[in-house]
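Chemist: Residue numbering for the sequence shown follows this note's numbering, starting at 856 and increasing by one per position.
C-beta: ideal position from N, C-alpha, C; glycine also.
Since we're looking at a predicted model, the values are computed, not measured.
What follows is a structure written as C-alpha coordinates; I'll ask about it next.
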Amino acid sequence: MKTLLLGLIFILSFVCVYAENNKPFKSQVFHWEKTTVTNTRNGENRQFMKGFTNSLDYIDIHATTLNPGKQAPQTDIQPKFEKLIIVKEGQISQTINGEKKTLNPGSVVLAGADDILKIENAGDKPVVYFMIQWKNSEQKQTKDLNGEDKVKIIEWENVPFVPTEKGGTRRFFKRPTDCLFEFEMHVTTLREGVKSHDPHIHPDDEIILVKSGMAEELVNGKPYQLGPGSFVLLNGNDPHGIRNIGKGACEYFAFRFLRDRPTVR
(Lines of atoms letter the chains of each structure in order from A and count residues from 1; the text may use other names and numbers.)
(Lines give C-alpha, C1' and ligand atoms only; values in the text may rest on other atoms or scores of the structure.)
Protein backbone atom coordinates (compact mmCIF):
# COMPACT_ATOMS: atom_id res chain seq x y z
CA MET A 1 0.00 0.00 0.00
CA LYS A 2 2.83 2.36 0.94
CA THR A 3 4.61 1.56 -2.32
CA LEU A 4 1.43 2.25 -4.30
CA LEU A 5 0.91 5.58 -2.52
CA LEU A 6 4.47 6.67 -3.20
CA GLY A 7 4.02 5.68 -6.83
CA LEU A 8 0.88 7.79 -7.14
CA ILE A 9 2.61 10.79 -5.57
CA PHE A 10 5.49 10.36 -8.00
CA ILE A 11 3.15 10.22 -11.00
CA LEU A 12 1.07 13.18 -9.81
CA SER A 13 4.18 15.28 -9.32
CA PHE A 14 5.01 14.81 -12.99
CA VAL A 15 1.42 15.62 -13.99
CA CYS A 16 1.62 18.92 -12.06
CA VAL A 17 4.93 19.87 -13.67
CA TYR A 18 3.55 18.98 -17.09
CA ALA A 19 0.41 21.03 -16.48
CA GLU A 20 2.44 24.03 -15.30
CA ASN A 21 4.68 23.81 -18.33
CA ASN A 22 1.63 23.89 -20.60
CA LYS A 23 0.30 27.17 -19.29
CA PRO A 24 1.12 30.49 -20.96
CA PHE A 25 3.90 32.56 -19.45
CA LYS A 26 2.77 34.92 -16.73
CA SER A 27 4.08 38.47 -16.46
CA GLN A 28 7.62 38.07 -15.15
CA VAL A 29 11.16 39.45 -15.19
CA PHE A 30 14.19 37.85 -16.83
CA HIS A 31 17.51 39.16 -15.46
CA TRP A 32 20.59 39.24 -17.67
CA GLU A 33 23.01 38.68 -14.80
CA LYS A 34 21.01 35.77 -13.30
CA THR A 35 20.55 33.79 -16.51
CA THR A 36 22.67 30.67 -16.98
CA VAL A 37 25.46 31.01 -19.54
CA THR A 38 26.08 27.94 -21.72
CA ASN A 39 29.34 27.69 -23.64
CA THR A 40 28.95 26.71 -27.29
CA ARG A 41 31.35 26.03 -30.14
CA ASN A 42 30.54 29.50 -31.50
CA GLY A 43 30.60 31.41 -28.20
CA GLU A 44 27.85 31.49 -25.57
CA ASN A 45 24.10 31.15 -25.19
CA ARG A 46 21.69 32.60 -22.63
CA GLN A 47 18.26 31.00 -22.79
CA PHE A 48 15.61 33.24 -21.21
CA MET A 49 12.25 31.77 -22.16
CA LYS A 50 10.68 29.18 -24.42
CA GLY A 51 6.98 28.39 -24.49
CA PHE A 52 3.84 30.35 -25.34
CA THR A 53 1.90 33.43 -24.28
CA ASN A 54 -1.66 34.67 -24.65
CA SER A 55 -0.74 36.25 -28.00
CA LEU A 56 1.79 33.74 -29.36
CA ASP A 57 1.53 29.99 -29.84
CA TYR A 58 5.31 29.78 -29.49
CA ILE A 59 8.02 32.19 -28.38
CA ASP A 60 11.74 31.69 -27.80
CA ILE A 61 13.98 34.43 -26.43
CA HIS A 62 17.70 33.91 -26.03
CA ALA A 63 20.93 35.85 -26.41
CA THR A 64 23.78 34.58 -28.56
CA THR A 65 27.44 35.54 -28.17
CA LEU A 66 29.55 34.95 -31.28
CA ASN A 67 33.31 34.83 -30.99
CA PRO A 68 35.42 36.44 -33.76
CA GLY A 69 35.09 34.62 -37.07
CA LYS A 70 32.06 32.59 -35.98
CA GLN A 71 28.59 32.29 -37.50
CA ALA A 72 25.17 32.02 -35.87
CA PRO A 73 24.10 28.48 -34.97
CA GLN A 74 21.33 26.78 -36.93
CA THR A 75 18.90 27.38 -34.05
CA ASP A 76 19.11 31.12 -34.78
CA ILE A 77 18.22 30.87 -38.46
CA GLN A 78 15.40 28.31 -38.51
CA PRO A 79 12.97 29.13 -41.34
CA LYS A 80 9.77 28.29 -39.44
CA PHE A 81 9.70 31.33 -37.10
CA GLU A 82 9.26 35.05 -37.46
CA LYS A 83 12.27 36.76 -35.90
CA LEU A 84 13.39 39.94 -34.22
CA ILE A 85 17.15 40.42 -33.83
CA ILE A 86 18.49 43.16 -31.55
CA VAL A 87 22.23 43.85 -31.47
CA LYS A 88 23.38 44.25 -27.87
CA GLU A 89 27.18 44.49 -28.11
CA GLY A 90 29.69 44.73 -30.95
CA GLN A 91 29.04 44.65 -34.70
CA ILE A 92 27.32 41.80 -36.50
CA SER A 93 27.52 41.12 -40.22
CA GLN A 94 23.93 40.36 -41.22
CA THR A 95 23.00 38.83 -44.56
CA ILE A 96 19.30 38.41 -45.32
CA ASN A 97 17.99 37.26 -48.69
CA GLY A 98 21.39 38.14 -50.18
CA GLU A 99 21.56 41.67 -48.75
CA LYS A 100 24.51 42.19 -46.41
CA LYS A 101 24.88 44.91 -43.78
CA THR A 102 27.05 45.63 -40.77
CA LEU A 103 24.89 46.45 -37.75
CA ASN A 104 25.91 48.33 -34.61
CA PRO A 105 24.43 48.03 -31.09
CA GLY A 106 20.77 49.02 -30.98
CA SER A 107 20.16 48.02 -34.61
CA VAL A 108 17.36 45.55 -35.29
CA VAL A 109 16.16 43.10 -37.92
CA LEU A 110 12.54 41.99 -38.35
CA ALA A 111 12.36 38.90 -40.57
CA GLY A 112 9.65 36.56 -41.78
CA ALA A 113 9.61 32.80 -41.41
CA ASP A 114 10.69 32.23 -45.01
CA ASP A 115 13.61 34.66 -45.07
CA ILE A 116 17.14 33.31 -45.44
CA LEU A 117 19.47 34.58 -42.72
CA LYS A 118 23.18 34.52 -42.06
CA ILE A 119 24.71 36.17 -39.00
CA GLU A 120 28.48 36.48 -38.63
CA ASN A 121 31.08 38.10 -36.43
CA ALA A 122 33.57 39.52 -38.89
CA GLY A 123 35.41 41.54 -36.25
CA ASP A 124 38.07 40.78 -33.66
CA LYS A 125 35.87 41.01 -30.53
CA PRO A 126 32.85 38.98 -29.34
CA VAL A 127 29.41 40.22 -30.40
CA VAL A 128 26.11 39.72 -28.59
CA TYR A 129 22.59 39.84 -29.98
CA PHE A 130 19.10 38.96 -28.78
CA MET A 131 17.08 36.52 -30.85
CA ILE A 132 13.30 36.61 -30.39
CA GLN A 133 11.46 33.97 -32.44
CA TRP A 134 7.72 33.35 -32.55
CA LYS A 135 4.91 31.75 -34.52
CA ASN A 136 1.16 31.28 -34.49
CA SER A 137 -0.79 28.34 -35.88
CA GLU A 138 -2.90 30.61 -38.07
CA GLN A 139 -1.91 33.47 -40.30
CA LYS A 140 -3.17 36.66 -38.71
CA GLN A 141 -2.16 39.32 -41.21
CA THR A 142 -5.27 41.32 -42.10
CA LYS A 143 -3.60 44.68 -42.72
CA ASP A 144 -1.97 45.72 -45.98
CA LEU A 145 1.80 46.15 -45.94
CA ASN A 146 1.38 49.02 -48.44
CA GLY A 147 4.21 47.77 -50.59
CA GLU A 148 6.64 47.31 -47.67
CA ASP A 149 8.93 44.29 -47.61
CA LYS A 150 8.32 41.78 -44.86
CA VAL A 151 12.00 42.08 -43.98
CA LYS A 152 13.04 45.25 -42.26
CA ILE A 153 16.60 46.14 -41.23
CA ILE A 154 16.84 49.29 -39.13
CA GLU A 155 20.21 50.71 -38.15
CA TRP A 156 20.29 52.47 -34.77
CA GLU A 157 22.08 55.54 -36.07
CA ASN A 158 19.40 56.07 -38.75
CA VAL A 159 16.44 56.19 -36.35
CA PRO A 160 15.43 59.78 -35.59
CA PHE A 161 15.44 60.75 -31.92
CA VAL A 162 12.36 62.78 -31.05
CA PRO A 163 12.81 64.76 -27.80
CA THR A 164 9.94 64.77 -25.32
CA GLU A 165 9.30 66.36 -21.95
CA LYS A 166 10.29 63.10 -20.25
CA GLY A 167 13.28 62.27 -22.46
CA GLY A 168 12.69 61.08 -25.98
CA THR A 169 11.58 58.31 -28.30
CA ARG A 170 12.73 56.41 -31.39
CA ARG A 171 10.09 54.73 -33.58
CA PHE A 172 11.04 51.41 -35.20
CA PHE A 173 7.96 49.45 -36.31
CA LYS A 174 4.19 49.56 -36.42
CA ARG A 175 3.16 47.02 -39.02
CA PRO A 176 1.53 43.64 -39.59
CA THR A 177 3.41 40.36 -39.93
CA ASP A 178 2.28 37.01 -41.30
CA CYS A 179 1.05 35.89 -37.89
CA LEU A 180 0.29 39.18 -36.13
CA PHE A 181 -2.29 41.84 -36.85
CA GLU A 182 0.30 44.34 -35.68
CA PHE A 183 3.85 44.37 -34.33
CA GLU A 184 4.86 47.67 -32.73
CA MET A 185 8.31 48.58 -31.45
CA HIS A 186 9.97 51.73 -30.16
CA VAL A 187 12.75 52.85 -27.84
CA THR A 188 12.02 55.22 -24.98
CA THR A 189 14.61 57.41 -23.25
CA LEU A 190 13.69 58.56 -19.74
CA ARG A 191 15.45 61.34 -17.88
CA GLU A 192 16.77 60.60 -14.40
CA GLY A 193 13.98 60.09 -11.85
CA VAL A 194 11.19 60.28 -14.44
CA LYS A 195 8.38 57.75 -14.94
CA SER A 196 6.98 57.02 -18.38
CA HIS A 197 3.36 56.74 -17.28
CA ASP A 198 1.09 55.61 -14.48
CA PRO A 199 0.19 51.89 -14.49
CA HIS A 200 -2.02 51.10 -17.47
CA ILE A 201 -3.30 48.07 -19.38
CA HIS A 202 -3.74 46.99 -23.00
CA PRO A 203 -4.92 43.69 -24.51
CA ASP A 204 -1.68 42.72 -26.27
CA ASP A 205 1.44 41.18 -24.74
CA GLU A 206 4.44 43.49 -24.39
CA ILE A 207 8.15 43.10 -23.69
CA ILE A 208 10.30 45.83 -22.15
CA LEU A 209 14.05 45.27 -22.67
CA VAL A 210 16.50 47.65 -21.02
CA LYS A 211 19.21 48.96 -23.34
CA SER A 212 21.04 51.19 -20.84
CA GLY A 213 20.61 52.55 -17.32
CA MET A 214 18.39 51.23 -14.54
CA ALA A 215 14.60 51.00 -14.65
CA GLU A 216 11.88 49.87 -12.29
CA GLU A 217 8.81 48.17 -13.75
CA LEU A 218 5.68 48.06 -11.61
CA VAL A 219 3.69 44.92 -12.52
CA ASN A 220 0.40 44.17 -10.79
CA GLY A 221 1.48 46.50 -7.99
CA LYS A 222 4.90 44.85 -7.44
CA PRO A 223 8.16 46.66 -8.37
CA TYR A 224 10.99 44.94 -10.28
CA GLN A 225 14.41 46.46 -10.98
CA LEU A 226 15.92 45.96 -14.43
CA GLY A 227 19.45 46.64 -15.65
CA PRO A 228 20.93 46.49 -19.17
CA GLY A 229 20.03 43.26 -20.97
CA SER A 230 17.21 42.39 -18.56
CA PHE A 231 13.60 42.39 -19.71
CA VAL A 232 10.05 41.90 -18.50
CA LEU A 233 7.22 40.06 -20.22
CA LEU A 234 3.90 41.81 -19.64
CA ASN A 235 0.73 39.84 -20.20
CA GLY A 236 -2.10 41.71 -21.82
CA ASN A 237 -4.35 43.44 -19.27
CA ASP A 238 -1.81 43.23 -16.41
CA PRO A 239 -1.37 46.77 -15.01
CA HIS A 240 2.19 48.03 -15.50
CA GLY A 241 4.28 51.19 -15.47
CA ILE A 242 7.98 52.03 -15.67
CA ARG A 243 10.33 54.67 -14.26
CA ASN A 244 14.03 55.53 -14.31
CA ILE A 245 15.69 54.73 -10.97
CA GLY A 246 19.33 55.11 -12.00
CA LYS A 247 21.82 57.92 -12.45
CA GLY A 248 21.46 59.68 -15.76
CA ALA A 249 19.11 58.65 -18.56
CA CYS A 250 17.86 55.13 -19.19
CA GLU A 251 16.79 53.59 -22.51
CA TYR A 252 14.56 50.62 -23.17
CA PHE A 253 13.05 48.78 -26.12
CA ALA A 254 9.29 48.23 -25.97
CA PHE A 255 7.62 45.84 -28.39
CA ARG A 256 4.04 44.65 -28.51
CA PHE A 257 2.46 41.58 -30.13
CA LEU A 258 -1.12 42.27 -31.22
CA ARG A 259 -2.46 38.96 -32.49
CA ASP A 260 -5.94 39.98 -33.66
CA ARG A 261 -7.75 43.07 -34.78
CA PRO A 262 -8.85 45.03 -31.68
CA THR A 263 -12.52 44.70 -30.80
CA VAL A 264 -14.42 47.92 -31.40
CA ARG A 265 -16.77 48.76 -28.55
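Can you tell which of Ile914, Glu1061, Tyr1107 has its C-alpha closest to the C-alpha of asparagine 1080?
Modeler: Numbered from its first residue, the sequence shown carries residue 1080 at position 225. Correcting the residue identity first, residue 1080 is glutamine in this sequence and not asparagine. Among Ile914, Glu1061, Tyr1107, the Cα nearest to that of glutamine 1080 belongs to Tyr1107.
Chemist: Taking the straight line between their C-alpha atoms, what separation do you get for proline 923 and isoleucine 932?
Modeler: As a working mapping, residue 923 is identified with position 68 in the sequence shown. As a working mapping, residue 932 is identified with position 77 in the sequence shown. Straight-line Cα distance between these residues: approximately 19 Å.
Chemist: Tell me, which residues are paired with aspartate 1060 by DSSP?
Modeler: Within the sequence shown, the letter at position 205 stands for residue 1060. Aspartate 1060 pairs with Phe1112.
Chemist: Within 10 angstroms of its Cβ, does lysine 943 collect 16 or more other Cβ (buried), or is it exposed?
Modeler: Within the sequence shown, residue 943 is the residue found at index 88, counting from 1. Classification of lysine 943: buried, given that the 10 Å Cβ count is 16 or more.
Chemist: In chain order, which continuous runs of the beta strand (DSSP E) of length 3 or greater are located wholly inside the stretch 868–943?
Modeler: For the stretch 868–943, whole beta strand (DSSP E) runs of length 3 or above, ordered along the chain, are 883–885, 892–894, 898–906, 913–921.
Chemist: If you compare alpha carbons, which of Ala1109, Arg896, Asn1090 is closest to serine 910?
Modeler: Reading the sequence shown from its first residue, position 55 is the one you call residue 910. Out of Ala1109, Arg896, Asn1090, Asn1090 has the C-alpha closest to the C-alpha of serine 910.
Chemist: Which one of Glu1010, Arg1026, Ser1051, Ile1008 has the shortest CA to CA distance from phenylalanine 1016?
Modeler: Reading the sequence shown from its first residue, position 161 is the one you call residue 1016. Selected option, being the one with the closest Cα: Arg1026.
Chemist: Which partner residues does glycine 1023 have in the DSSP bridge list?
Modeler: Locating residue 1023 in the sequence shown gives position 168, where the first residue counts as 1. Pro1018, Thr1044.
Chemist: Use the C-beta contact count for threonine 997: other C-beta atoms within 10 angstroms, 16 or more gives buried, fewer gives exposed.
Modeler: In the sequence shown, counting from the first residue as 1, residue 997 sits at position 142. Any reading at threonine 997 must be qualified, since the residue scores a pLDDT of 49, below 50, and its modelled position is unreliable; the value itself is stated next. Per the 10 Å Cβ criterion, exposed.
Chemist: Can you find the residues in the same chain that come closer than 8 Å, C-beta to C-beta, to histidine 1057, ignoring five residues on each side of it along the sequence?
Modeler: Residue mapping note: residue 1057 aligns to position 202 of the sequence shown, counting from 1. Excluding positions up to five away in sequence, the list reads Gly1091, Asn1092, Arg1111.
Chemist: What's the gap between the Cα of glutamine 946 and the Cα of isoleucine 974?
Modeler: As a first step, residue 946 must be located in the sequence shown, where it is residue number 91. As a first step, residue 974 must be located in the sequence shown, where it is residue number 119. Computed Cα separation, rounded: 10 Å.
Chemist: Do you know offhand how far threonine 1024's Cα is from glutamate 1072's?
Modeler: The residue you call residue 1024 lines up with position 169 of the sequence shown. The residue you call residue 1072 lines up with position 217 of the sequence shown. Cα-Cα distance, rounded: 18 Å.
Chemist: Relative to the alpha-carbon of glutamate 1020, which residue among Ala1104, Asp912, Asp1033 has its alpha-carbon at the smallest distance?
Modeler: Locating residue 1020 in the sequence shown gives position 165, counting from the first residue. Closest option to glutamate 1020, Cα to Cα, is Ala1104.
Chemist: With a threshold of 6 Å on Cβ separation, who are the neighbours of aspartate 979 within its own chain once the five nearest residues in sequence on each side are excluded?
Modeler: For the purposes of this step, residue 979 is taken as the residue at position 124 of the sequence shown. The answer, listed in chain order, is Pro923.
Chemist: So, with DSSP's three-state summary, where would you put asparagine 1099?
Modeler: Within the sequence shown, the letter at position 244 stands for residue 1099. Asparagine 1099: strand per DSSP, three-state reduction.
Chemist: Just confirm the distance between the C-beta atoms of glycine 898 and threonine 920, as a whole number of angstroms; I'd bet it's less than 8 Å.
Modeler: As a first step, residue 898 must be located in the sequence shown, where it is residue number 43. As a first step, residue 920 must be located in the sequence shown, where it is residue number 65. Rounded, the Cβ-Cβ distance is 4 Å, consistent with contact.
Chemist: Along the chain, where does the beta strand (DSSP E) containing tryptophan 840 start, and where does it finish?
Modeler: Not covered by the structure: residue 840. The range shown for the chain is 856 to 1120.
Chemist: Helix or strand or just coil, what does DSSP make of glutamate 1010?
Modeler: As a working note, residue 1010 is residue 155 in the sequence shown. The answer is coil: DSSP assigns glutamate 1010 none of H, G, I, E or B.
Chemist: Could you compute how far the alpha carbon of glycine 1096 sits from the alpha carbon of histidine 1052?
Modeler: Taking the sequence shown and counting its residues from 1, one reaches residue 1096 at position 241. Taking the sequence shown and counting its residues from 1, one reaches residue 1052 at position 197. Taking the straight line from one Cα to the other gives about 6 Å.
Chemist: For glycine 1048, collect the residues of the same chain with a Cβ closer than 7 Å to its Cβ; drop the 5 residues on either side in sequence, then sort them by chain order.
Modeler: Residue mapping note: residue 1048 aligns to position 193 of the sequence shown, counting from 1. These residues qualify, in order along the chain: Asn1099.
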